[in-house]
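Below is one structure, written out as structure tokens; comments come after it.
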Amino acid sequence: MGAEQAWLLAAIPAGFFLLLSFFGRPMPRGGDYFGVISIGTSFVLFFFVLADFLDTPGKVGPIVNSIEWSNIGDFHLRMGIYIDPITITMFGVVTTVALMVNIFSIGYMKGEPRYYWFFAVLQMFAASMLMLVMADNLLLVYISWELVGVCSFLLIGFYWEKRSATEAAKKAFITTRVGDVGLLIGIILLFKATGTFNIQEIIHAAEAGEIGQAYLFIAVMAIFLGCMGKSAQVPFHVWLPDAMEGPTPVSALIHAATMVVAGVYLTARLLPVFAVADGALLVVTIVGLTTALLTGFMALAQTDIKKVLAYSTVGQLGFMFVALGAGNPSVAMFHLATHAFFKALLFLGSGSVIHATHHNQEMDKLGGLWKKMPITGTTFFVGSLALAGVIPFAGFWSKDEIFVALNEAWGGWAVLLLGLAAVMTAFYTTRLFIRTFMGKPKDEHVYEHTHESGFVMTGPLIFLGILAAVSGFVVFHGVGKAIGFPGGITEFIFLEHHGPHRYEMDWGFAAGSIGMATVGIWAAAWMYWGNSTRRSTVLAEWSPGLYDMLQKKFYFDELYQAAIDRGVLGFSYVVAWFDRYVVNDTGVDGSAQATGFAGGVLKYLQTGRVPNYAMAIALGVAGLAVAGLVVRG
Amino acid sequence: MRDYTIFIPEYIAAGSAVAIIGLELFMPKFRKDGLAYLTALAAVAWFVAGLFFIGKDPKSFQGLIASDDFTTYFRLLAAGIVFVVALMSAHYMRDRTKTASEYYGLMLVGGCGMVYMAAATELITAYISLELLSFTLYILVGYLKRDNLSSEASLKYILLGAFSSAMFLYGMSLIYGVTGSTTYAGIAEALSGRESGTDPAVIVGFMLILAGVGFKVSAAPFHMWAPDAYEGAPMPVTAFLSTLSKAAGFALILRLFSAAIVVDAAEWRWAVMVLAALTMTMGNLIAIQQKNLKRLIAYSSIGQVGYMLITIAAIGYGDPQGGINATSGLLIHIIGYVASTLLFFTALTAAYNKTGRDDIDGLKGLAETQPFLALVITCSLFSFAGLPFFAGFATKLFMFQGATTSETMWVVGLAVLNSFISLYYYLMIIRQMYLYEPVGETARWKVNPVLGGLAVALVLAVLFIGMYPGPAFTVSEEAAKPLFEPGVATGMARVP
Amino acid sequence: MVPLENYLVLSAIVFALGVYGVLARRNAVLVLMAIELMLNAVSLNFIAFAAYLDPGKITGAIFAVFIITVAAAEVGLALAIVIRLFRNRATSNVDEAAILKW
Amino acid sequence: MTFDEGQGYVVLATMAVPLVAAFLLVLVPGTQKMWVRYISAVTGAIVCGLSIYIFAAYQVDGSHTQMTLRWVWVENTAFLGKDGVTLYLAVDGISSTMALLTGVVAFAGAIASWKIEYRNKDFYILYWTLLAGVFGTFFSYDLFFFFFFYELAVMPLYLLIGVWGSTRKEYGAAKLTLMLVGGSVLIWIGVFATFHEANLGTFDLPKLWAAGQDGTLSPTFQKTFFPMMVIGCGVLAALWPFHTWSPDGHMSAPTAVSMVHAGVLMKLGAFGIIRLGIQLMPEGAAFWMPGLMVLGVIGAVYGATAALTQRDMKLISGYSSVSHMGYVLMGLATMNQIGVTGAVLQMFSHGVMTALVFLMIGAIYDQAHTRDMKDFGGVTRVMPLWVIFYTIAGLANVGLPGFSGFTAEFHIFVGTFKTYPVFGGMAIFAAALAAGYMLRLFAIVFFGPMSPRWSDLKDLTALERLSGGMLIASIVMMGVWWAPFTDRISSAVTLLPGVTS
């Protein structure tokens, strides 16, 4: 199979989605094996595509395949696929994580209602996500973008009997939708300027300077708005923690590894355009930095395992945007991939914990679980190290690269800020791990009933654990070469005019990175090791206000709620009132009533008395005659 | 030349009238509904006789009365109306009066009056035929002697009728004074021969004439007798009033205005337009507030008169071709309007014979107890409102189109707006029939077969005209043409 | 010879009086009388015009004859109706014959 | 008889079959309720089949108007010259699409009304009369018959809503009927004026269009009467601020009537704007289109905003119809190919998805006798299929890719951005609000804990599944593979005067 047929990667899960959603219910075990088969096929096909891609003459040249979709006059719309290293990377990430999550879910979701439906939507998601990353035009990107959003909506709201799940799903969809307004505007603005939706043509046009600076900036920022929404960047970050209401495998797949990185992907894809627009990259950097910092703070005070991970995800996405802001898509994609593996691992690990403890995800009730769940504990430990950025785990390499790129692009101040975020990452990761797996159990009852999960769940954990440990090494030229790439990741993914760039270890930055990780880990260990209640509440005691603010996540939710209630809904009430009472009752019914009223008044002219009638005749004649004499006389 | 043959159809009608009155005189026990059927038979004979005059060369009787397609049109119309109203009256009158022969006889005579109003080409003849029709109507309206409302209606009608015919006469006298002639041809010749400049006597004369004919067709502000007379009159007479009397009024107006005074159209066309606007607005606005069906239809028909008057104004504004356009529009609408009105009253009479109520609430739940009548009434109301499938749509559209000139455009717009207002009160009636449960007896009842058959025939007619207006329109055009061609109708070469 | 205008003015005055009578009188019979006045004014007009303007000098006179005839019939009919009303309601006041209104 | 003439009879049949059905039903005794249903179902199937044929057989590369049938009705009489009034039926790309819409919705509505027990004979008579009017309007190339059928489509609504409706039905029915007829008042006036001004003695639309384009209808005239035509038609298309019949009327109307009304009838208004506005008075259109654009945008934003806080499910759909028809008007007002094509796409899209929404609301209202969202919750437990259908309709409403709503809105947005970027942005914002009100409805009605009061609600019946399935098929077809639609529509749009590429 050639890479031109890569659309099969998306088509196969889509087909299985139809199969499962129509016929899944009566199938034995809800057809969960079809889920694995479906994604498994895509996973296998991915290697064919990869092989073919690497085999193509001229090596990393993009592969294009498109067909005409519709014609309106001279507006020709073509839909197709565009395969380049970024796409390949995303293929790898998506198919791998999706496969793991599918397998994991067989164990995790066992016995849930609507079991088949869960797998059906997973297939739908995989199909849309794969389509998103291979689309050659922004329209198809937008289509897939919305479809993954809907899958996310459906899966967050999977436990729809719970109000909170429903509300979270709604919030996720609407929040991203607000960003999508920008995305669609941006896409159409670019179309207006270039007359095409094709990404490559747009990039060429932008680089050729065919689009005015201000116009381009607005268009790019509009698109970036969509990316921010999808990737939960401040101030759109509020939906992602709430999205943890969904089943944990979903959090792993959609809200950590794949869908939320769509924003990063799209920005990376359009980075040449961003680069042309003055100031766009600075905005990207600032948004990324702000997000990384703020969510770092927010994660500090969370007690829900998944919420901590959610904030961490947002923060890591911020890291990726910082990388993009530095004009370096290869690093961003690198971090995207490593993050996908270790964060999926962490989520699945936490899923394993939650499953084992019968849906308990409060750190305050857990603790000491390593003994009970050795595999989960170990893999979680690996994942935590990767997230904290401990050498030589995957997260270290990618994060280190970001610092290097950032320094090159914007200088020291940015590095310092991001460093602070990195410290906090290490801190809350350690805190999470210690409070969940170490120390003494805080709730004996929960502890008693805990047991290690079956292989169907631990297997994916182990696989991802390995990836989390080693996937960082692809940064090295030799490693990349060994598995068939032209070289390390930065030699594989690059912007055309930047050219490939061979990785060199920068020991200064590496030392800094190690230091930051150490500081964070040490601080957390100091506070939480050994159930020391005195130390763990040190912040709360020192400044209750600050602690409260952290716990309330800087009041973003409250602010938004107020804005929606007072602003949008208030406006809606005003409009509805206006429509009822002004337009309808006064305007429409009013004119009807006025007509009726006129009739009611006029009818009293009809007094029933002959002299009055005669008077009317006489006056009529007189009036006509006088008017006639005046007009004509 | 005195060609008495041109009156043969009217001989039949009038002769039948005498015969019917005589029949009851000599056979007082004769079935009262039988009289109605005899009248209908006479009307058929009248109609058939009239058919022979279609397309014949126009003839004139001493320059007083013209027999041409225009006359024939109204001849057939009169026969048709008398036929339907006579059948409609059969049970109604049988149940309410001891003697009915005068009723039917007068109806035939009134029909003759209408024919002569259409045929008259001279003022005295026009006046006499107008009074011939009016007198029969005065009596018919008050025919239910012991009925308070009937006699009150009759009194009002005759007092105001006499008053307005005095106005009419005064106007005629002024025109006679200016032109020295009472024939339409003479008037037209004299008016066109005048030196330039406007004669106040002409203006005042025109306005008085307008008041006279306006009264006849119940144009505002000369309309006030109509609602009272309609409400007080026996139900079939209301039908007679709203169809035959209106059509007759327009017949007179058309011939008089297009043949005699069109040459001075600038003096009266604006006034007709104003009257049209006033009439339709008054009629429709007040109709909204009515509770009694007959009264409501009175106002509704006043509204219709408003629409029709626009065509008269359009004749004043147009060239001969424009006149033909407007007149054929008016004539086809008269067909549609007459058919719909007769349909409505046929159904209403049937309902009234059963329920004895003529207010809107009396129709409550009719769709349950008598779905056929409800359907028929709905058809007729939709036709009034000008909704498609029914005669009203096509005829009103053609009429307005014919009446559209640059000057009358605004009244046409107002008319369309008014016909929209009218839909509201038609819906009020439909609402009573379909949306509410019947009060009291809910069992289904049967419609008298004569009325039922009549209703079916009229529905078919209304549908036919509505869906395929071609034939009716051709007839109307043929009837309109004589008015605008030099010849008998005008008695002279047309003055540009 | 008396000028035409005199007849016309007289006729107009009589007509106006008639109109006034119709408007002001409440008794149906008196209203009828007023209408007769109006008709007489019209007849006067016709005859005057016929005498002064019409070369044939006859049409107006014929018209007047017809008016008189019709008026007679009209009054006869109207009186019958007034009597009818009087029988039903014991009044001939036109203001009281006002059940039909609005 | 050429092939095209033969196809003309297909067009005639599509319009006439509902009429024949209505006539047949008059003859069927009212007590034979099943016969009434069978006749209606068969009629629906035939009509649907014929309309699919019309859509499929339309030659994209062929001449502008196809399947022509001309019968002279009245000519050479008074003001009518040659071809004065002709029964001139034909289709172009736009009307073939609309015919498909009507056929599908008509069939869906006919079988959705299966459960009507109360005087179902009368119901179906009126229903088929209405549809004959709709088809006739879409096919008419003669101004007289255009208007004839236009009015015919409005006429039965009063009784359909008044007798078989719910919730303040008298008020809703009267308001809806009066407002719609009030709109047609303006069209009447426009018709008279046009006929008079063109002075051709014919109601033949192509000739009048030619007159409009070659200046026989003077620019002043066009500028004067264009607003009349557009507002007149616009009332039916829920043009702001003449839209208030939409929420109330839909709230009152029975299921099938809501389906047909929102699904098809509102499209007549927009179709009228194309036929009597853009094609008849291009100069007027060029002058007034910015105004229509403003009203369209207001409608789009306003409808969506007002829908955010409604509680009655039908009111939400009523207001969302206002919003979506606002998009249609915007698309028309862009006067460029993509925008106008998008407008017609949206007409189709809104038609099928709103019909589906109303079908679903009807399905639950018949059992629960309430439409207040706050009464519901967790309905998914008892009516999963219902929820899925509704969700699809809702997501199409929101403009989700893969469903027809996106295809249409996307084209409209692109078209709007070409000339009015700011308005385009506002429209996209309104589309985000759509997500707000739809998801609010989902969250409240479908999800959450279920009240035991609803534990015996039944899921969709087989007929409702069939009916909804057809609509969903149309929604998905347009959402995924829209070339058949855009090909047909744009082949006609290209030839509209004043439309830029």
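Chains as they are written, first to last, in this note's numbering: chain C, 1 to 633; chain R, 634 to 1129; chain H, 1130 to 1231; chain B, 1232 to 1732.
A virtual CB, placed ideally from N, CA and C, is assigned to each residue, including glycine.
Model, not experiment: these values are computed from the prediction.
Suppose the cutoff is 7 angstroms on Cβ atoms and the five residues either side in sequence are ignored; what does the same chain contact list for residue i look like?
i, result
"D506(C)", "V404"
"E362(C)", "T303, D304"
"A1429(B)", "L1439, A1442, T1447, L1448"
"K1352(B)", "L1256, V1259, G1261, V1267"
Could you tell me whether any Cβ in chain C is nearer than 8 angstroms to the Cβ of residue i?
i, result
"M840(R)", "yes"
"A1227(H)", "yes"
"L1166(H)", "no"
"F1023(R)", "no"
Is it buried or exposed, residue i, if we count other Cβ atoms within 10 angstroms and call 16 or more buried?
i, result
"G1334(B)", "buried"
"G1443(B)", "buried"
"N925(R)", "buried"
"T490(C)", "buried"
Can you pull the DSSP bridge partners for residue i?
i, result
"A898(R)", "None; A898(R) has no bridge partner."
"I83(C)", "I63(C)"
"L1300(B)", "L1320(B)"
"D1603(B)", "D1543(B)"
"A165(C)", "According to DSSP, A165(C) bridges with nothing at all."
"L1311(B)", "T1308(B)"
Skipping 5 residues on each side, what residues in its chain have a beta carbon closer than 6 angstroms to that of residue i?
i, result
"E1117(R)", "Per the sequence presented here, residue 1117(R) reads as Phe, with Glu not at that position. The residues are P953, G956, I957."
"I1509(B)", "A1516, L1727"
"G969(R)", "A1024, G1025, T1028, I1098"
"Q1238(B)", "M1298"
How many Å lie between residue i and residue j at the Cα?
i, j, result
"T769(R)", "A1405(B)", "41 angstroms"
"L843(R)", "V1412(B)", "33 angstroms"
"D1690(B)", "P1615(B)", "7 angstroms"
"K778(R)", "A1272(B)", "58 angstroms"
"E558(C)", "F1678(B)", "24 angstroms"
"L788(R)", "S1140(H)", "27 angstroms"
Does residue i come within less than 8 angstroms of chain R when only Cβ atoms are used?
i, result
"G1530(B)", "no"
"L1409(B)", "yes"
"V610(C)", "yes"
"E1079(H)", "As shown, chain H starts at 1130 and ends at 1231. That puts residue 1079(H) outside it, with no answer to give."
For a cutoff of 8 angstroms on Cβ pairs, would you count residue i as touching chain H?
i, result
"I698(R)", "no"
"Y604(C)", "yes"
"K731(R)", "no"
Note down, in chain order, each residue of its chain lying with its Cβ closer than 8 angstroms to the Cβ of residue i, except the 5 sequence neighbours on either side.
i, result
"M516(C)", "G389, G419, A422, V423, A426"
"L656(R)", "F663, L668, L671, S734"
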